[in-house]
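Just so it is clear: in the sequence shown, position 137 is 137 by the UniProt record's numbering, and no numbers are missing.
As structure tokens, the structure follows; a few thoughts come after it.
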Amino acid sequence: MDTFPDDLTPPLPFTQDGAPRRVGVEMEFLGPSARQAAEALARDIGGTADEEDAHAYKVRASRFGDISIDLDLRYVHPQRHPGLGYGLGRGRGVRLTPGGAAWFGTLVSPIVPREMITAPLPLARLPELDDAVESLRRAGARGQGRVFFDALSMHFNVEPPRLDAETVTSFLKAFLLLEGRFRREVSRGENRLAGVLPDAYPEAYMRRVLAPDYWPDLTTLAADYLAANPSRKRALDLLPLFTFLDEAQVRAVLPREKIGPRPVFHYRLPLAFPGEAGWSILPDWRRWLAVERLAADRETLTAPARA
């Protein structure tokens, strides 16, 4: 699919360089092992399933590009995290051998999700990704938005149309105006789901950002964000973007936080329901598109009494 369905067209579909914008998707699920899931995807959407370790596989050259399937626990991937010891934190504790990591991963796999991570896709191709979701469902993927006391999550890593202060501020304002509605919709009115959503932004910070005259430069925008939100656990996590723009500024506040610098809006509010027949990623994507459309409406964003 090279063109957008009418209702999935963002106001700004291209980057400042004229390239089609892209989005990466992360989706958690329970059920099949990383190997079983990777082999199912390779069979259904093309590519080859290559083992990276006992609980990490990569589907190479699928019709969506490379797709990673991992057990979502760093300790079972010791070759990726050589300084991480199990039990006492980074640089301490017992570092698992590959055999020990494989055993431990199998032990915890009933309660620790697997995660499908796609390569960045053109926005217009996102609807096709439901084919991958259906492939995993047929392979036995299950989950209903929550696993024990944590979320079963789906994240979108959305490439911004531009990286200037006005664009980033516009998206942040738009998201804050819509977040309350999104939370009600995503949680489906169920307390068990509402309780595992990322923390809300502090009210004082929301009032500051939603003030009609709040249009700071990038350094000030990042400083205000870090002062109020020194955590990745926000529904719209801007730490990857701010780290990409100025890593020293972010690391001065969060020297040990696990943040991958990348030029994306990390939208991490949605929940995953891979075990639900007919479940699609598109309703959550349409919610994000509401942010895109409001972000392009400067008149609404600068109206008084929005906070």
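Glycine is no exception: its CB is placed at the ideal position from the N, C-alpha and C atoms.
Does the distance from the CB of residue i to the CB of residue j come in under 8 Å?
| i | j | result |
| --- | --- | --- |
| I45 | A132 | yes |
| L176 | S187 | no |
| P161 | R21 | yes |
| L41 | S135 | yes |
| I69 | A34 | yes |
Quick one: give me the first and last residue of the beta strand (DSSP E) that residue i is part of.
| i | result |
| --- | --- |
| S153 | No beta strand (DSSP E) contains S153, which DSSP labels as neither H nor E. |
| V133 | Segment D130 to R138 is the alpha helix (DSSP H) holding V133; no beta strand (DSSP E) there. |
| E51 | T48 to D53 |
| Y57 | A56 to S62 |
By how many angstroms is the C-alpha of residue j removed from the C-alpha of residue i?
| i | j | result |
| --- | --- | --- |
| V112 | A235 | 21 Å |
| D217 | R43 | 48 Å |
| A303 | V264 | 27 Å |
| L163 | L245 | 9 Å |
| L71 | S109 | 7 Å |
| A222 | D50 | 39 Å |
| A248 | L193 | 36 Å |
| E276 | F148 | 17 Å |
| R207 | V250 | 23 Å |
| A174 | T167 | 11 Å |
| R80 | D53 | 10 Å |
| D237 | N229 | 9 Å |
| A252 | Y201 | 21 Å |
| R293 | L107 | 45 Å |
Pick helix, strand or coil for residue i, following the three-state DSSP scheme.
| i | result |
| --- | --- |
| G91 | Legend: pLDDT at G91 = 49, less than 50; position of this residue unreliable, value from coordinates given subsequently. In the structure shown, G91 sits in coil (DSSP, three-state: anything other than H, G, I, E or B). |
| E299 | helix |
| residue 308 | Lying before the first or after the last residue shown, residue 308 is absent from the chain, which here runs from 1 to 307. |
| L8 | helix |
| D17 | coil |
| G99 | helix |
| E257 | coil |
| R287 | helix |
| E115 | strand |
Using 10 angstroms around the beta-carbon of residue i, count the other beta-carbons present and answer buried if the total reaches 16, otherwise exposed.
| i | result |
| --- | --- |
| G47 | buried |
| E179 | buried |
| G145 | buried |
| E159 | buried |
| Q16 | exposed |
| F14 | exposed |
So the alpha helix (DSSP H) residue i belongs to, where does it begin and stop?
| i | result |
| --- | --- |
| F273 | That residue, F273, is in no alpha helix (DSSP H); it is neither H nor E in DSSP. |
| F175 | A165 to S187 |
| D224 | L218 to A228 |
| Y205 | E203 to L210 |
For a test of your reading of the model: does the CB of residue i fall under 7 Å from any non-hydrogen atom of the ligand HEM? Yes or no.
| i | result |
| --- | --- |
| I117 | This structure simply doesn't include the ligand HEM, nor any ligand for that matter. |
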